[in-house]
Each structure stands twice: as structure tokens, then as C-alpha cells.
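S.K.:
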Amino acid sequence: MVIAEQLYHKLQPLFKQLNVPSMALNPQGYYSLTLDGGQQVFLELTENMTLVMMGMLALPEQPGEALLLELLQANLNIDQQPAIIVAADKDRAQLVVWASLPLDGLHLDTLLPLFERLSWTLSVIGRWCQPVVPRQRLSTPEAQKDRLQRHQVEALMSRR
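Numbering of the sequence shown is given in our numbering, commencing with residue 1 and proceeding in unit increments.
1) For Asp89, which residues of its own chain have a beta-carbon under 7 Å away from its beta-carbon, when the five flanking residues on both sides are left out?
2) How would you call His9, buried or exposed, if buried means at least 16 neighbouring beta carbons within 10 angstroms?
3) Sort out for me which residues DSSP pairs Gly126 with in a bridge.
4) Do Met53 and Gln40 have their beta-carbon atoms positioned less than 9 Å apart in this structure?
5) Are the region 15 to 30 and the region 64 to 73 touching, with three or more C-beta to C-beta distances below 8 Å?
6) Taking 9 Å as the cut-off, decide whether the C-beta atoms of Leu33 and Ser100 are in contact.
7) What residues in its chain sit with their C-beta under 6 Å from that of Met49, if we drop five residues either side in the sequence?
8) I'd like to know whether the C-beta atoms of Gln94 and Ala58 end up nearer to each other than 9 Å.
9) Which first and last residues belong to the alpha helix (DSSP H) in which Pro13 is found?
10) What number of angstroms, rounded off, separates the C-alpha of Thr121 from the C-alpha of Asp36?
11) Mind reading off the beta-carbon distance from Leu112 to Gln17? Whole number of angstroms is fine, and I expect it under 8 Å.
12) Measure the C-alpha to C-alpha separation of Phe129 and Pro60 and round it to an integer number of angstroms.
13) Counting only runs of 3+ residues fully inside the region 31 to 61, write out the beta strand (DSSP E) ranges in chain order.
14) Would you call Val124 buried or exposed, if buried means 16 or more other Cβ atoms sit within 10 Å of its Cβ?
15) With DSSP run on the structure shown, which of helix, strand or coil describes Tyr102?
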């Protein structure tokens, strides 16, 4: 629990910068943000004390040449650290786009650019894919809060 609290406090500047309404402490060290395109970005503390940022996209039944070329290009962009990695889960027919940072390296000046690069990569590859879990338009207070959060994150990203 102590490490989950430490992660929570280290993520607060990122949440504040993205104008995310108050995010509650998750004792498991797991958070998610939904982008306007429907993609979810998951932030998760791993057992080896790293933060993993990831998003998943369902592979189309017939991936075309354009998608394959985009995936090759995305994996060639490894000069920026931490690298964003695009992997495939064959059994679930989905792409996993992810990056990781050590817990002691979580600062806004590293978190925000990484989040932006990951979100951008998801949106570029997402042109040929669909989010893994389609968003349902519910009118519950939690769904409204989530939609507000998505719009605020997207507004911030479009300003950059």
C-alpha cells in the first residue's frame, strides 16, 4: 500500500496537467484514462517497481499494408527514451502499445511527454484499429465524469 500511495502522489502532477478531475487512490496502483478516440491508457505499477503505460487496440480482420507499414515505422522510433513498444497478442487479436518508467524516475517532465507520445502513437495506429473495449454512452455520474476527463485530456493534447 505504501508504494501504491507513492505512485499516486507521483502521478498527481500528471493528472493535474491533464486537468483530470480528482483521481482516487487505487491501492493496487492501477489507473486508466480514456482518450477522446475511445482508446484507454492504463497506468499500472508492476511488481518490479516500474510504471507501465499502455493502450490496446483490436486488430482488424484484414490488416492492410498501410497498418503493417505504420507498425514497422512505430517500432523504428526507438531513439526517444523511454521507448514506446508496439507488440501483438495473437490469442486476443490485439496490439499492445506500451512503455515503462522506473518508479524513482516518475517526474512530470518525463511523464507528460511519454503520455503524449503514447497517446499519439495510439491515435496514429488506431486509424486502422478499434479500441479493445468499445465505450458505452451511459448517463451515470461516473460515465459523465469519464467523458469530461477525456475531453479535458484531448483539449490539452491538441493545444500542444
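Idealized CB from N, CA, C, for every residue including glycine.
M.R.: From the atom records:
1) Within the sequence shown, residue 89 is the residue found at index 89, counting from 1. Same-chain partners within the cutoff: Val96.
2) As a first step, residue 9 must be located in the sequence shown, where it is residue number 9. Under this definition His9 is an exposed residue.
3) On the sequence shown, position 126 is the one that residue 126 refers to. DSSP output for Gly126 lists no bridge partner at all.
4) Residue numbering aside, residue 40 sits at position 40 when the sequence shown is read from its first letter. Residue numbering aside, residue 53 sits at position 53 when the sequence shown is read from its first letter. At the C-beta level, Gln40 and Met53 stay beyond 9 Å of one another.
5) No contact exists between the region 15 to 30 and the region 64 to 73.
6) As a position in the sequence shown, residue 33 is number 33, starting the count at 1. As a position in the sequence shown, residue 100 is number 100, starting the count at 1. Contact flag unset, no.
7) Reading the sequence shown from its first residue, position 49 is the one you call residue 49. So the list reads Leu103, once near-sequence residues are dropped.
8) The residue given as residue 94 occupies position 94 in the sequence shown. The residue given as residue 58 occupies position 58 in the sequence shown. Yes, these two residues count as a Cβ contact at 9 Å.
9) As a working mapping, residue 13 is identified with position 13 in the sequence shown. Run containing Pro13: Val2 to Gln17, per the alpha helix (DSSP H) assignment.
10) Locating residue 121 in the sequence shown gives position 121, counting from the first residue. Locating residue 36 in the sequence shown gives position 36, counting from the first residue. Thr121 and Asp36: Cα-Cα distance of roughly 14 Å.
11) Position 112 of the sequence shown holds residue 112. Position 17 of the sequence shown holds residue 17. With 8 Å as the limit, Leu112 and Gln17 qualify as a contact, their Cβ atoms being about 6 Å apart.
12) As a working note, residue 129 is residue 129 in the sequence shown. As a working note, residue 60 is residue 60 in the sequence shown. Going by the sequence as given, residue 129 is Cys instead of Phe. C-alpha separation (whole angstroms): 6 Å.
13) Listed in chain order, they are 40 to 45 and 50 to 58.
14) Translated into positions along the sequence shown, residue 124 becomes position 124. Around the beta carbon of Val124, a 10 Å sphere encloses fewer than 16 other beta carbons of the protein chains shown; the residue is thus reported as exposed.
15) As a working note, residue 102 is residue 102 in the sequence shown. Per the sequence shown, residue 102 should be read as Pro rather than Tyr. The answer is strand: DSSP assigns Pro102 an E or B state.
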